[in-house]
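Listed in order, the protein sequences are those of chains W and U.
Position 151 (the first sequence) corresponds to 930 in the working numbering; numbering is contiguous.
Position 253 (the second sequence) corresponds to 249 in the working numbering; numbering is contiguous.
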Amino acid sequence: MAAGNAKTLTKLIVVTLGMFGFGFALVPFYYKICEVTGINSGAEQSLVKNTQVDSNRWVTLEFDANTNAGLPWQFKPLQRTLKVHPGQLVQVEYEVINTSDQAIVGQAVPSYGPARAAAFFKKIECFCFTPQTLAAGESRRMPVLFVLDPAMGGDVHTVTLSYTFFDIGTKTQTTDLQKGQPHG
Amino acid sequence: MSDAAHAHDDHSHGHPSGIMRWLTTTNHKDIGTMYLWFALIMLFSAGTMALLIRAELFQPGLQLTNPDFFNQLTTMHGLIMIFGAIMPAFSGFANWQVPLMIGAPDMAFPRMNNWAFWLLPVAALMLMSSFLLPGGAVAGGWTMYPPLFIQGGISYDLTILAVHIMGLSSIMGSINIVTTILNMRAPGLTLMKMPLFVWTWLITAYLLIATMPVLAGAVTMLLTDRNFGTHFFNAAGGGDPVMFQHIFWFFGHPEVYILILPAFGIVSQIIPTFARKPLFGYASMVYATASIAILSFTVWAHHMFAVGMPAAAQLFFMFSTMLIAVPTGVKVFNWVATMWKGSLTFETPMLFAIAFVCLFTIGGFSGLVLAVAPVDIQLQDTYYVVAHFHYVLVSGALFAIFAGIYYWLPKWTGHMYSETLGRWHFWLSVIGMNIVFFPMHFLGLAGMPRRIPDYALQFTEFNQIATVGAFIFGFSQLVFLVLVLKTIKGGAKAADRVWEGAEGLEWTLPSPAPYHTFETAPVVK
């Protein structure tokens, strides 16, 4: 009986070690399954390689920047025009400089020309989503990441994106911000 | 639970007494007893955590705990109940009963058996002491999902090591059980004549050997992600946290059958005894158990329908999960058919067994509801899930453990337990249990999330009902403790064949079972 037990023990230990290895083998197996079936692969999911790009069409983008009267900021796009395909992920940059001697909180508001393009201008990341605080003399480069929805009508060949910065509060004390001042 | 004095009478070659007897023992009965006491202590520890959780949830808002401590409580309650209470209790049954039921003198590897047990208190100490460490115990849920589990403090490392140790203990115990059952059966006891408890444990042990190493691998990867710069699950390093869930549940779903198959075995011993009829459909019970075990490897992703999965995969896991209801239904049918036209009596083991059949079936049905992928997306991580798994684990696994204790305690101690106390324990438990967990179905359907210390006002009434039930259920377990202690100390002398309808080798032995049994193997016709 003892010899039989030792034999069974050996077999079961081999199974145990095999299953321990199997746990680790699941790692490459998992990635292989994901690759073969095309699930969960980061590149395919991201907008960089999206299949929605309409490469038959070109749309000219024009970028414009303004500041509201009384806001002592210089604000300009780093590129004036760009030709893109609808569906393509595009990143552009704007630059803003606070020329005054105090910290100012501003917020940019976008507008579009033609206005009906607004519904198809899908912004993924934009400095206009949040208020921007600039210290005295500070300059900042800010990105806009967006996709032009291919569903936009084929008769639109040029879209203008225009930002206007508004002063929403002069930051004289830090406590002002913490109180969460309403836009003013 | 054999008493030391009696053991000495029977034992010819002297062995240590006092604490050293228990530390060095290789006797399957001693080790079985230690497993069962360990499980009871863990049941009370994790049960106390459950009562703290329920006390916090008595009202909305934060009363007793802060959210972090609350999360520690839910995490540790889960880990300790599963790895410290239910699994060791079943190992205790296996140690006591498998040799007695197959006519073997002891387990195949007595020294490894001693090791397998004594690893458990070490692991439990590591888990429990992590409450005292900076940052407290683990609070990432018993499922140990990254990224939370990669980010925690020192107690997370300690918990991973404790899981390793408990896994090692289970694997050693399982190897012992498989070897004992395969090689040491009495002459004439063929596989298809084995008592069903032995069958279910054989299959459970195989499940443990196949899945515990996978869990060990998964937590090893967590450990190296935390400390050695690997990126298995760390998305920032190119890893994938969802992969952990796949590996974990590849272990985790067979694990839930590890927690219930021995319960099926215990109930399959008890119902024929008190129905005074042979088990209906013995062979179909064996095949049903085996098919549940095999199918359990194909359903893991139903725990993660909400992580984002192609529709084809959701359909596959949904249907394979529903398929498990078929062999489970065969079992429930056979238990009912065994009772049908039987000469039934309702002693405490039978009461718990019948409650098991009814309430486990409720848990099974709510499991079927959750198996439906579109429904599960709605119910994922709500109290409906909590209700479901407590119906299968409390009124399932735990009630079967109680039933088994009442059934075999006279054989172990030589004394009959108090039937009056047993009935008090049964009725308080079964009523309390339903008051705690039934309202949770409604809470879940109404959208109350699990693992949250605070809740919206409209959930208050059902939570208060559940908390009252939890305290009834929790404190009624003290009745059980008193009953067990009284039975060990004394009581009416138990007959060798304790129950009129009991069949099997263990009942041919005197009560209490002598320290050494079946030194010459019995012959089974």
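C-beta: ideal position from N, C-alpha, C; glycine also.
The model shown is predicted, which means the values in this text are computed figures rather than measured ones.
- Query: Using a C-beta cutoff of 7 angstroms, does residue 548/U count as contacting chain W?
  - Reply: An answer regarding residue 548/U cannot be provided, because it is not within the stretch -3 to 521 covered by chain U.
- Message: Count Cβ pairs between the segment 416 to 436 of chain U and the segment 118 to 125 of chain U that sit closer than 8 angstroms; are there 3 or more?
- Response: no
- Query: In chain order, which continuous runs of the alpha helix (DSSP H) of length 4 or greater are located wholly inside the segment 132 to 202 of chain U?
  - Reply: 144 to 147, 150 to 179
- Message: Can you look up residue 823/W in the DSSP assignment and give me helix, strand or coil?
- Response: Confidence in residue 823/W is poor, its pLDDT being 49 and thus under 50, which makes the residue's placement too unreliable to answer from.
- Task: Can you tell me which of the three DSSP states residue 50/U falls into?
- Result: helix
- Message: Using a Cβ-Cβ distance cut-off of 7 angstroms, determine whether residue 794/W contacts chain U.
- Response: yes
- Query: In three-state terms, what does DSSP make of residue 921/W?
  - Reply: strand
- For the 8 angstroms Cβ check, are there 3 or more pairs between the segment 500 to 509 of chain U and the segment 405 to 418 of chain U? yes
- Message: I'd like to know if residue 178/U contacts chain W, where contact means its C-beta is closer than 7 angstroms to some C-beta of that chain.
- Response: yes
- Message: Residues of chain U with CB closer than 8 angstroms to the CB of residue 815/W, please, in chain order.
- Response: Ordered by position in chain U, no residue passes the 8 angstroms Cβ test against residue 815/W, which lies about 12 angstroms from the chain.
- Query: Cα separation between residue 963/W and residue 947/W?
  - Reply: Note that residue 963/W scores a pLDDT of 41, beneath 50, so its modelled location is shaky and nothing firm can be said.
- Does the count of Cβ pairs from the segment 263 to 278 of chain U and the segment 160 to 175 of chain U closer than 8 angstroms reach three? no
- Query: Going along chain U, which residues have a C-beta under 9 angstroms from residue 787/W?
  - Reply: 104, 171, 174, 175, 178, 179
- Query: Between which two residues does the beta strand (DSSP E) carrying residue 448/U extend?
  - Reply: No beta strand (DSSP E) holds residue 448/U; DSSP gives it neither H nor E.
- Message: Restricting to Cα atoms, I'd like to know which of 333/U, 472/U, 70/U, 99/U is closest to residue 419/U.
- Response: 472/U
- Task: Using a cut-off of 9 angstroms between C-beta atoms, extract the partners of residue 233/U located in chain W.
- Result: Result: empty, since nearest Cβ-Cβ is about 13 angstroms, beyond 9 angstroms.
- What in chain W is Cβ-close to residue 306/U, meaning under 8 angstroms? 816, 818
- Three-state secondary structure assigned by DSSP to residue 855/W: strand
- Min CB distance residue 210/U to chain W below 7 angstroms: yes
- Item | Distance, residue 483/U Cα to residue 104/U Cα | 30 angstroms
- Message: I need the straight-line Cα distance from residue 352/U to residue 61/U, nearest angstrom please.
- Response: 34 angstroms
- Query: Between residue 196/U and the rest of its own chain, which residues show a CB-CB distance below 6 angstroms, the 5 nearest in sequence each way excluded?
  - Reply: 257, 258, 260, 261, 285
- chain W partners of residue 214/U, CB-CB under 8 angstroms? 802
- Query: Just reading off the alpha helix (DSSP H) that residue 390/U is part of, what are its end residues?
  - Reply: Counting along the chain, residue 390/U falls outside any alpha helix (DSSP H), and DSSP gives it neither H nor E.
- What did DSSP end up calling residue 343/U once you bin it into helix, strand or coil? coil
- Query: With residue 89/U and residue 392/U assumed to form a contact (beta carbons below 8 angstroms), what rounded beta-carbon distance in angstroms separates them?
  - Reply: No, residue 89/U and residue 392/U are not in contact; Cβ-Cβ is about 15 angstroms, not under 8 angstroms.
- First and last residue of the beta strand (DSSP E) that includes residue 873/W? 868 to 877
- Task: Check the C-beta distance from residue 445/U over to residue 378/U and give it rounded, since I have them as a contact under 8 angstroms.
- Result: 6 angstroms
- Task: Rounded to whole angstroms, what's the CA-CA distance from residue 310/U to residue 369/U? Just pull it up for me.
- Result: 6 angstroms
- Query: Does any residue of chain U bring its CB to less than 7 angstroms from the CB of residue 908/W?
  - Reply: no
- Query: Identify the residues that DSSP records as bridge partners of residue 913/W: which are they?
  - Reply: 883/W
- Query: Would you say the segment 935 to 947 of chain W touches the segment 892 to 905 of chain W, given that touching needs at least three Cβ pairs under 8 angstroms?
  - Reply: yes
- Taking 7 angstroms as the CB-CB limit, is residue 53/U close to chain W? no
- For the segment 869 to 902 of chain W, which residues have a beta carbon sitting closer than 9 angstroms to at least one beta carbon of chain U? none
- Rounded to the nearest angstrom, how far is the Cβ of residue 866/W from that of residue 927/W, given a contact under 8 angstroms? 7 angstroms
- Let me know if residue 514/U comes out buried or exposed under the rule of 16 or more other beta-carbons within 10 Å of its beta-carbon. buried
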